[in-house]
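Visitor:
Residue numbers (the numbering used here): 17 to 244.
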């Protein structure tokens, strides 16, 4: 396709060296005849540096993510090994304090608190139940820690504070149903012992209304049979 030669427009404000070089410009009519492959080739030549840069950045991001995953997995394996060693050497209390920002540290604190409670060391039990409650987020484990707080307070002489904690547990919908039912059971028994029948019926109704409180429904039924 022949066209008459184009006249270059000279801008008097533009130096001669800065005049646009039109040798590499594609005529609009000629561009219609360019194939798709040629268009891709032209786009690649014009944007090669940018595309290579984008690919390089993407590869670096992927490599960094994989490295982080590997590092995290290795760190978790190392922490589990430390936990096993601490458990074997009866040093879970130290492990819990050293890892108070990790879930495994919270589990170590809960185990330490349970052992202290069984040994009737209620002050120590309360310390580690408090630590476990501050770390653990899973609803059942967090609930266990809070129950431990309530029972430790009660057994250590802070009766009203312990009962208030149990009441708070029964009203906390973020905790597991079984945990809330256990708190309600103990409050029901306490209310019945004190002769507060309306309060007993309220806690009994909460237990019986829960579809996940089978164990505590059975215990409540047994308690009622024994006290009739």
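Even glycine gets a Cβ: it sits at the ideal position worked out from N, Cα and C.
Going by beta carbon distance, what residues of the same chain come within less than 6 angstroms of residue 226, once the five residues before and after it are set aside?
Guide: Translated into positions along the chain shown, residue 226 becomes position 210. Once the five neighbours on either side are set aside, the close Cβ partners of residue 226 are 193, 197.
Visitor: My understanding is that residue 236 touches residue 206, with C-beta atoms under 8 angstroms, so please give their C-beta distance in whole angstroms.
Guide: As a working mapping, residue 236 is identified with position 220 in the chain shown. As a working mapping, residue 206 is identified with position 190 in the chain shown. With a Cβ gap of about 13 angstroms, residue 236 and residue 206 do not count as contacting.
Visitor: When the distance is taken between beta carbons, is residue 162 closer than 8 angstroms to residue 141?
Guide: Indexing the chain shown from 1 puts residue 141 at position 125. Indexing the chain shown from 1 puts residue 162 at position 146. It is not a contact, given that the beta carbons lie outside the stated cut-off.
Visitor: On the DSSP letters alone, give me the boundaries of the alpha helix (DSSP H) that residue 162 sits inside.
Guide: On the chain shown, residue 162 is found 146 positions in, with the first residue counted as 1. Residues 155-171.
Visitor: Mind checking residue 238: buried by the 16 CB within 10 Å criterion, or exposed?
Guide: On the chain shown, residue 238 is found 222 positions in, with the first residue counted as 1. It counts as exposed.
Visitor: Going by alpha carbons, who is nearest to residue 282 out of 101, 167, 210?
Guide: Look at the range of the chain in this structure, 17 to 244, and you will see that residue 282 is not part of it.
Visitor: Take the Cβ of residue 230 as the centre, count every other Cβ of all protein chains shown within 10 Å, and call the residue buried at 16 or more, exposed below.
Guide: Within the chain shown, numbered from 1, the residue matching residue 230 stands at position 214. Exposed, by the Cβ-count rule.
Visitor: Should residue 147 be labelled buried (16 or more other beta-carbon atoms within 10 Å of its own) or exposed?
Guide: For the purposes of this step, residue 147 is taken as residue 131 along the chain shown, with counting starting at 1. It is buried - the Cβ of residue 147 has at least 16 other Cβ atoms within 10 Å.
Visitor: Residue 244 lies in the alpha helix (DSSP H); which residues open and close that run?
Guide: Here the question's residue 244 lines up with position 228 in the chain shown. Segment: none, residue 244 is in no alpha helix (DSSP H) and carries neither H nor E.
Visitor: Does residue 234 pass the burial test, meaning 16 or more other C-beta atoms within 10 Å, or should it be called exposed?
Guide: Walking along the chain shown from the start, residue 234 turns up at place 218. Counting Cβ neighbours within 10 Å, residue 234 comes out exposed, since fewer than 16 surround it.
Visitor: Which of the three DSSP states is assigned to residue 204 in this structure?
Guide: One-based indexing of the chain shown puts residue 204 at position 188. Helix, per DSSP.
Visitor: Which residues in the same chain as residue 200 place their Cβ atom closer than 7 angstroms to its Cβ, once the five residues preceding and following it in sequence are excluded?
Guide: Here residue 200 is taken as the residue at index 184 of the chain shown, counted from 1. Counting only Cβ-Cβ distances below 7 angstroms, and skipping sequence neighbours, we find 186, 219, 222, 223.
Visitor: Assuming residue 138 and residue 172 are in contact, meaning their beta carbons sit under 8 angstroms apart, how far apart are those beta carbons, in whole angstroms?
Guide: Within the chain shown, the letter at position 122 stands for residue 138. Within the chain shown, the letter at position 156 stands for residue 172. Between residue 172 and residue 138 the Cβ distance is about 4 angstroms, and since that is below 8 angstroms, they are a contact.
Visitor: Taking a contact to mean a Cβ-Cβ separation below 8 angstroms, would you say residue 128 touches residue 109 in this structure?
Guide: The residue labelled residue 128 in the question sits at position 112 within the chain shown. The residue labelled residue 109 in the question sits at position 93 within the chain shown. Yes, these two residues count as a Cβ contact at 8 angstroms.
Visitor: At what residues does the alpha helix (DSSP H) containing residue 125 begin and finish?
Guide: Locating residue 125 in the chain shown gives position 109, where the first residue counts as 1. Per DSSP, residue 125 belongs to the alpha helix (DSSP H) from 119-134.
Visitor: Is it buried or exposed, residue 228, if we count other Cβ atoms within 10 angstroms and call 16 or more buried?
Guide: The residue given as residue 228 occupies position 212 in the chain shown. By the neighbour-count rule (16 or more Cβ atoms within 10 Å), residue 228 is not buried but exposed.
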